[in-house]
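Q: I'd like to ask you about the structure that follows.
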Amino acid sequence: MATAPEPRQADLRAVLGVLRRRALLILVTTSVVVAAAVGLSLLQEERYDSTVTLRFRPAALDAQLSGLIVDLPGDADRDQETNVGLLNLPVVRERAAARLGPPYTADDLESRVKIGTEGTSNLATITGSATTAREATRIANTMGSEFVAYRRDAVRQQVRRAIRALERRIEALEEDANSADEENRRELRTQQRNLDKLQVLDTVRSGDAEIAQPAVEPDSPAAPKPVTNAILGLILGLVLGLAFALAAEQLDRRYRRPEDLARDLGLQLLATVPQSSVLKADDGWRLGLDGAEAEAFRRLRTTLRHQGGGSVHSVLVTSASPTSGKTTVSLHLALAAAGVGDDVLLVETDLRRPRLAEVLELPAEEGISTWLGADEPAPVPPGGRFLLKTDRADDPDGEDHPRQLDGSVEVLLGGAPPPNPSEMLDSAPVRRMIEESQAHYDFVVLDAPPAGIVADPIPLAKQVDGVIIVARLGKESRDGLEALRDDLQDLGIPIIGVVATFGPRVESSYYSSYTASAR
């Protein structure tokens, strides 16, 4: 017993189907976004970035007074925030702008300079941007050196304040030196030594920041980057393309999957006829069908034979549009019925655009239209009736094989298109002809015009056991099919089910091995 496809596989096929149908939309969207990204990149002015790295070395004043210069432990996050805050001070940009000279200003440097950190609390970076590599390097190094000078001046001011405070303290101790005890004299000597160290520190002019790595001229611009932007555009384009594809799929009112067709219409899916070059060329009736095509029509006939306890002996095949494949379905349904021993009558009631004569390579001069157009129509159409023979035909592969028709297929053509097809079909001779055909044949198939466009099939549909709606996947609209279903149901015309055409082709060695053995 064949198992139904896994839901995950069905979903995957549905997604692949969307991608295949909307491939052009996705491709166009992606191409436009990539082209826009590259175009904008080429229009941008080149920008070079150069970075100088600074190292912070905060030292406590009392450690300096003791002659020891040590790095202070502290909170790393807080130190980083402090360092970044110091680098962003307007006074630093003002000093750098003055050194760089016109046209640079502190506000201009704010947009040209970026402050950052390198993960540790005592390192920070200054990145300068300019239209040339040399100028970007000059901005970065100037900002770095001016910040180092600014911090050196700040430390020097702090040292000088400490020197002045010690000098006042020493003066006070010297005034009291004669009356002071030994302890005061020791303190005086200590403060004098501290003063000497501060004076030495002031001479050294050390600060709490230094340049760890100066900026160097970059070899290539930091922006624009056409290749990088093209890659980002490709990713964005694919995302937008997929979004547009899904949106278009949601707005598309056409049926894509047979199961959706049957579910939305509330009708039984009788068969799914795959898209086939043989059927498209109308060669199947002469060469015989193999594989999935033959199995689709065998399934259709088998379903009809057992529908309602075997009470379906006549059907009308119609559609909502003229390109659904109703004539192909009618013909091969008749052949499939003859293959199981039925004597079948195939009646072409599409008098507006008859095609059976062309498909079957039969003379099209006479048929229903010429019969009804006579002054006194005969009880039974005398012309335009042909029996499909079962003689041998050449196979496309070079082999010939007999057609396996245990029954017979008699075809009644439509004839030349008349001026009044609706009136001709809704007439007593046609009703009598259909009634007598149902009594003399095992199975009667009426190939009718599209009921979604013209009213010709309506009187005929009331005389058969049921109607088969043929719907072409990927083309039929939901609105048209739903309107056709509602019209037939409102008129009390029984709908047997729906046949989906141009469905996905599913090949199997099971079918091919059966066909080979049958030959």
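FYI, the numbering for the sequence shown is 1 to 519, going by full-length UniProt numbering.
Glycine included, C-beta positions come from ideal geometry on N, C-alpha and C.
1. Pick from Pro102, Asp490, Ala337, Ser330: whose alpha carbon is nearest that of Ile468?
2. The alpha helix (DSSP H) that contains Ile493, what's its start and end?
3. Between Glu358 and Gly415, which are expected to be in contact by the criterion C-beta below 8 Å, what is the C-beta distance as a whole number of angstroms?
4. So, for Ala133: in the same chain, excluding its five sequence neighbours on each side, which residues have a beta-carbon less than 6 Å away from its beta-carbon?
5. Quick one: using the 10 Å Cβ neighbour count with 16 as the cut-off for buried, is Asp395 buried or exposed?
6. Check whether the segment 159-173 and the segment 236-250 are in contact - that is, three or more C-beta pairs closer than 8 Å.
7. Going by DSSP in three states, Pro504 sits in which element: helix, strand or coil?
8. Are Gly497 and Leu269 touching if we call contact CB-CB under 8 Å?
9. In angstroms, rounded to a whole number, what distance separates the CA positions of Ala130 and Val84?
10. CB Gly407 to CB Ala338, shorter than 8 Å?
11. Which class does Arg353 belong to by DSSP, given the choice of helix, strand or coil?
12. According to the Cβ coordinates, are Ala96 and Thr142 closer than 8 Å?
13. Taking Leu25 as the reference, which of Gln157, Gly480, Ala245 has the closest Cα?
14. Within the continuous beta strand (DSSP E) that includes Arg253, where are the two ends?
15. Tell me the DSSP bridge mates of Gly480?
16. Please say whether Arg432 and Glu410 have beta carbons closer to each other than 8 Å?
17. Quick check on the burial criterion: 16 or more other C-beta atoms within 10 angstroms. Buried or exposed for Arg93?
18. Quick check on Leu208: does DSSP put it in helix, strand or coil?
19. Would you check if the segment 456-467 and the segment 419-438 touch, i.e. whether three or more CB-CB distances between them fall below 8 Å?
20. Spell out the partners DSSP gives Phe147 in its beta bridges.
21. Where do the N-terminal and C-terminal ends of the alpha helix (DSSP H) with Asp326 fall, by residue?
22. With 16 other CB atoms within 10 Å as the buried threshold, where does Ser369 fall?
23. Could you check which residue in Pro417, Ile231, Thr327, Asp208 has the C-alpha nearest to that of Pro153?
24. Measure the C-alpha to C-alpha separation of Tyr104 and Tyr150 and round it to an integer number of angstroms.
A: Checking against the coordinates, here is how it stands:
1. Checking every option, the nearest Cα to that of Ile468 belongs to Ser330.
2. Looking at the DSSP string, Ile493 is not in any alpha helix (DSSP H), and its letter there is neither H nor E.
3. No, Glu358 and Gly415 are not in contact; Cβ-Cβ is about 13 Å, not under 8 Å.
4. Tyr48, Glu217, Pro218
5. Annotation note: pLDDT 47 at Asp395 (below 50); position unreliable, coordinate value reported separately. Label assigned to Asp395: exposed.
6. no
7. coil
8. yes
9. Straight-line Cα distance between these residues: approximately 22 Å.
10. yes
11. coil
12. yes
13. Ala245
14. Arg253 -> no beta strand (DSSP E), and no H or E assigned at all.
15. DSSP, once it has assigned bridges, lists no residue as partnering Gly480.
16. no
17. buried
18. For clarity, residue 208 is Asp in the given sequence; the question names Leu instead. Coil at Asp208, not helix or strand.
19. yes
20. In the DSSP output, where bridge partners are listed per residue, Phe147 has none listed.
21. Note that residue 326 is Lys in the sequence shown, not Asp. Its alpha helix (DSSP H) spans residues 326-339.
22. buried
23. One point to set straight first is that residue 153 is Asp, not Pro, in the sequence displayed. Checked all of Pro417, Ile231, Thr327, Asp208; the closest Cα to Asp153 is Asp208.
24. 19 Å
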